[in-house]
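Please read the structure below before turning to the comments.
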Amino acid sequence: MRSTFFILVCITVSAFWVVGGHTAESASEDVIMSHGLSTFGDLKYPADFTHFDYVNPDAPKGGEVSHTGNLGQRTFDSFNPWILKGDGAEGTIMNSPDGAQSLVFDTLMTRSGDEPDSYYGLIARQVEYPADRSWVIFYLREEARFHDGTPLTAEDVKFSLDIIKEEGDPRIALPLQDIESVEILGSHKVKVTFAERAITRDLPMMVAGYPVLSKAYYTEHDFTKSSLEKPIGSGPYTIGDFKQGSWVEYNRDPNYWGKDLPVNKGRWNFDTIRYEFYQDRSVALQAFKAGKLTMRQEMSSKMWATEYDFPAAQEGRVQRRELSDSNVAGVQGFYLNTRRAKFKDVRVRKALDLAFDYEWSAKTLFYDQYARTVSFFQGSDDLAADGLPTEGELALLEPHREDLPEEVFGEAYVPPVNDGSGRIRNNLRKAQALLTDAGWRVVDGVLRNKDGEALTIEFMISSPTMDKVISPYIRNLELLGIQGSIRLVDSAQYERRWKAYDYDTTVMRIPISLTPSIELRNYYGSAYVDTPGGWNFSGVRDPIIDALIENVVEAQNRQELTDATKALDRVLRAGHYWVSNWSSGVYKTAHWDIYEWPKVKAKYQRG
25 MRSTFFILVC ITVSAFWVVG GHTAESASED VIMSHGLSTF GDLKYPADFT HFDYVNPDAP
85 KGGEVSHTGN LGQRTFDSFN PWILKGDGAE GTIMNSPDGA QSLVFDTLMT RSGDEPDSYY
145 GLIARQVEYP ADRSWVIFYL REEARFHDGT PLTAEDVKFS LDIIKEEGDP RIALPLQDIE
205 SVEILGSHKV KVTFAERAIT RDLPMMVAGY PVLSKAYYTE HDFTKSSLEK PIGSGPYTIG
265 DFKQGSWVEY NRDPNYWGKD LPVNKGRWNF DTIRYEFYQD RSVALQAFKA GKLTMRQEMS
325 SKMWATEYDF PAAQEGRVQR RELSDSNVAG VQGFYLNTRR AKFKDVRVRK ALDLAFDYEW
385 SAKTLFYDQY ARTVSFFQGS DDLAADGLPT EGELALLEPH REDLPEEVFG EAYVPPVNDG
445 SGRIRNNLRK AQALLTDAGW RVVDGVLRNK DGEALTIEFM ISSPTMDKVI SPYIRNLELL
505 GIQGSIRLVD SAQYERRWKA YDYDTTVMRI PISLTPSIEL RNYYGSAYVD TPGGWNFSGV
565 RDPIIDALIE NVVEAQNRQE LTDATKALDR VLRAGHYWVS NWSSGVYKTA HWDIYEWPKV
625 KAKYQRG
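Heads up: the sequence shown begins at 25 in this note's numbering, then just goes up one per residue.
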């Protein structure tokens, strides 16, 4: 789950002044009126902008795109993605890390794809808020409509925020817990007030990014139940034909109320967007080769290197693009479930890191297309720790020195680097020493603790594509006396088990925004260790990490944010909560030669 940076354009009744090169006006010294929101106050686009720079405002409408989507889902059984039950269909879900909004449900405001964390008016034409952001008022567009033609009003906004806060998926509802009240000030004016305890820096943007649901529809339909009945939305597309778990089509609404807004101009050009769901990536690739899919984001380095020499690609009828990705990479790894006793000792977790031979995998399996992930903020020099702590980092770490390992105050931890030969005896010796120090001994070839319990690790996966990576890792673990196994489960069981934290370790990827905020509580905070369906995959429970997360959330400028994320990164890395995987700095995209791209690519979106 999903990131803002803006030059604020305000309006003053008494006098005009200039902020960040734009003329601005303010209603009072303390209250700001604006067409956009951002974390630290920078907006690229003025109030009278006509379209984003990265779109073609004259793009033709029509045609179809069919693909497996950005989320890589392998099934779906619901069109209600806002609750914990069921698997919401891609297209209804907001894919926040890459900035894409839901096709079906409009939001109060929408992200700009060429700024790190700016939002501009969609349902809301403007916003009003005080300097301390303790509340925000959204002024809604009177022309906003649901797909059935009924007006979208402040009642729908209040209903949506209230019901998602009370009944929604805990991961989605998290930011709304700091809302004290939602007040209707008029048919198209709604005020959201935040609790006194709340850290309000990012809350207005987060609220602005939530879907506005139809109160009338969900008064007649139970919001708490997953359902394949097509809901009433207000976005650019409506749900068309579908086959549960296999495919779903979204049809462009020619009467979409917001089609000519500056944030939508040049967007939503396809008449039909179709998502296909496959259990196996190889089968999905064959469907693409056969023309059943017209576009594909390739996630397999081997397939990208070896499977695109078919006739259509050789003849240029299929084209490949590597599109730059300026986002934080997101952090993928084998998350070690410290809720289980065998992983509670940091020495055991570090030993498991030493046993993973990434360089062999990179050379043998990945065609050297990826880089090893070393940081929990991988891909961002501004957020990831490097070298020795700076003065700003030390100011946050020193109060906790007595309770932190000395490792935190040295060079930032990076995983061991091997030569790619597959022989890592030196690292295995180090791992064995750590395990011995932690009280584990090899008895008849099996590593056991003082109670005679064997150290076993089950890798839970839902796709066989990870077998080739995990199997060599298990062989290294066996040299240490650790019994490893792979448990391949179907998508539904995988979803149930990880939501209940019923695993030793599993491969997960956590999205990280360019401006990290309260989502870090869900990822690494103690309060969310036992929240069903949360994202604290490793079960991190550490008051120092909790405090550093709050330093991130409370940062008042970019430098404070940088110091806080780097300090947090050092402590997380020293905790060895995962065996990190890898990342790529590009989107690998293949498509049939029937599309054109705008001349300018959005810096922070695939486009």
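Think of the CB as a built atom: it goes at the ideal place given N, C-alpha and C, for glycine as much as any other residue.
> What's the gap between the Cα of residue 454 and the Cα of residue 478?
Replying inline: The residue given as residue 454 occupies position 430 in the sequence shown. The residue given as residue 478 occupies position 454 in the sequence shown. Computed Cα separation, rounded: 20 Å.
> Can you round the beta-carbon distance between residue 481 and residue 452 to whole angstroms, since I take them to be within the 8 Å contact cut?
Replying inline: Locating residue 481 in the sequence shown gives position 457, where the first residue counts as 1. Locating residue 452 in the sequence shown gives position 428, where the first residue counts as 1. Not a contact, Cβ separation roughly 15 Å.
> In chain order, what residues of the same chain have a beta carbon less than 8 Å from the beta carbon of residue 137, not counting five sequence neighbours either side?
Replying inline: For the purposes of this step, residue 137 is taken as residue 113 along the sequence shown, with counting starting at 1. Same-chain partners within the cutoff: 76, 78, 123, 626, 627, 628, 629 and 631.
>> Quick test of your reading: residue 107 and residue 191, contact by CB under 8 Å. State the CB separation rounded to the nearest angstrom.
In response: Along the sequence shown, one-based indexing puts residue 107 at 83. Along the sequence shown, one-based indexing puts residue 191 at 167. Indeed, because the Cβ distance is near 7 Å, the residues count as touching under 8 Å.
> In the stretch 398 to 475, which residue ranges form an unbroken beta strand (DSSP E) of at least 3 residues, counting only runs that do not cross its ends?
Replying inline: 465 to 467 and 470 to 472
> What did DSSP end up calling residue 58 once you bin it into helix, strand or coil?
Replying inline: Along the sequence shown, read from residue 1 onward, the residue named residue 58 stands at position 34. Looking at residue 58 - three-state DSSP - the assignment turns out to be strand.
> Which residues in the same chain have their Cβ closer than 8 Å to the Cβ of residue 84, if we skip the five residues on either side of it in sequence?
Replying inline: Position 60 of the sequence shown, counted from the first residue, corresponds to residue 84. 293.
>> Alpha carbons only, please: which of 372, 354, 431 and 425 is nearest the one belonging to residue 395?
In response: Residue 395 sits at position 371 when you count from the first residue of the sequence shown. Checking every option, the nearest Cα to that of residue 395 belongs to 354.
>> Excluding the 5 residues flanking residue 620 on each side, which residues of the same chain have their C-beta closer than 7 Å to its C-beta?
In response: The count along the sequence shown starts at 1 and reaches residue 620 at position 596. There are no such residues.
> Since residue 231 contacts residue 185 with CB under 8 Å, what's their CB separation in whole angstroms?
Replying inline: By 1-based counting over the sequence shown, the position of residue 231 is 207. By 1-based counting over the sequence shown, the position of residue 185 is 161. At roughly 7 Å, the Cβ-Cβ gap stays under 8 Å, so residue 231 and residue 185 are in contact.
>> Threshold first: 4 residues or longer. Then list the alpha helix (DSSP H) segments lying entirely within the stretch 233 to 284, N to C.
In response: 239 to 244
> Expressed to the nearest angstrom, what Euclidean distance is found between the alpha-carbon atoms of residue 189 and residue 553?
Replying inline: As a first step, residue 189 must be located in the sequence shown, where it is residue number 165. As a first step, residue 553 must be located in the sequence shown, where it is residue number 529. Taking the straight line from one Cα to the other gives about 19 Å.
> Which word fits residue 618, buried or exposed, when buried means at least 16 other C-beta atoms lie within 10 angstroms of its C-beta?
Replying inline: Here residue 618 refers to the residue found at position 594 when the sequence shown is read from its first residue. Result: exposed.
> What's the gap between the Cα of residue 52 and the Cα of residue 58?
Replying inline: Locating residue 52 in the sequence shown gives position 28, where the first residue counts as 1. Locating residue 58 in the sequence shown gives position 34, where the first residue counts as 1. Only weak support exists for where residue 52 lies, its pLDDT of 46 falling under 50; the coordinates are left without a value.
>> Tell me the rounded alpha-carbon separation between residue 204 and residue 217.
In response: Looking up residue 204 in the sequence shown gives position 180. Looking up residue 217 in the sequence shown gives position 193. Each residue's Cα considered, the two are about 6 Å apart.
> Just how far apart, CA to CA, sit residue 54 and residue 580?
Replying inline: Within the sequence shown, the letter at position 30 stands for residue 54. Within the sequence shown, the letter at position 556 stands for residue 580. Those two C-alpha atoms are separated by around 17 Å.
> Is the beta carbon of residue 613 less than 9 Å from the beta carbon of residue 308?
Replying inline: For this step, residue 613 is matched to residue 589 along the sequence shown. For this step, residue 308 is matched to residue 284 along the sequence shown. Their beta carbons are not under 9 Å apart, which means residue 613 does not touch residue 308 by this criterion.
>> Going by DSSP, what residue range makes up the alpha helix (DSSP H) through residue 502?
In response: Taking the sequence shown and counting its residues from 1, one reaches residue 502 at position 478. It spans 491 to 503 - the alpha helix (DSSP H) in which residue 502 sits, taken as one unbroken run.
> Buried or exposed: where does residue 40 fall if 16 or more other Cβ atoms within 10 Å of its Cβ makes it buried?
Replying inline: Stepping through the sequence shown from its first residue, residue 40 is reached at position 16. With a pLDDT of 25 at residue 40, under the threshold of 50, the predicted position of this residue should be treated as unreliable, though the coordinate-derived value follows. Residue 40 should be labelled exposed.
> Is it true that the CB of residue 523 sits closer than 9 Å to the CB of residue 557?
Replying inline: Residue 557 sits at position 533 when you count from the first residue of the sequence shown. Residue 523 sits at position 499 when you count from the first residue of the sequence shown. Going by C-beta atoms, residue 557 is nearer than 9 Å to residue 523.
> So residue 397 and residue 357 are in contact, right, with Cβ under 8 Å, and what is the actual spacing, rounded?
Replying inline: Position 373 of the sequence shown, counted from the start, is the residue given in the question as residue 397. Position 333 of the sequence shown, counted from the start, is the residue given in the question as residue 357. About 7 Å separates the two Cβ atoms, so the contact holds.
> Cα-Cα, which of 325, 315 and 278 is closest to residue 335?
Replying inline: Walking along the sequence shown from the start, residue 335 turns up at place 311. The shortest C-alpha separation from residue 335 is found at 315.
>> If we require 3 or more residues per run, which beta strand (DSSP E) segments fall completely within the stretch 108 to 167?
In response: 133 to 135, 142 to 145, 148 to 154 and 159 to 164
> Where does residue 438 land, buried or exposed, given buried means 16+ other C-beta within 10 angstroms?
Replying inline: Walking along the sequence shown from the start, residue 438 turns up at place 414. With fewer than 16 Cβ atoms within 10 Å of its Cβ, residue 438 is classed as exposed.
> Between residue 350 and the rest of its own chain, which residues show a CB-CB distance below 8 Å, the 5 nearest in sequence each way excluded?
Replying inline: One-based indexing of the sequence shown puts residue 350 at position 326. Closer than 8 Å at the Cβ level, and outside the excluded window around residue 350, lie 627 and 628.
> Leaving out five residues before and five after residue 429 in sequence, what residues of the same chain have Cβ atoms less than 7 Å from its Cβ?
Replying inline: For the purposes of this step, residue 429 is taken as residue 405 along the sequence shown, with counting starting at 1. 598, listed in sequence order.
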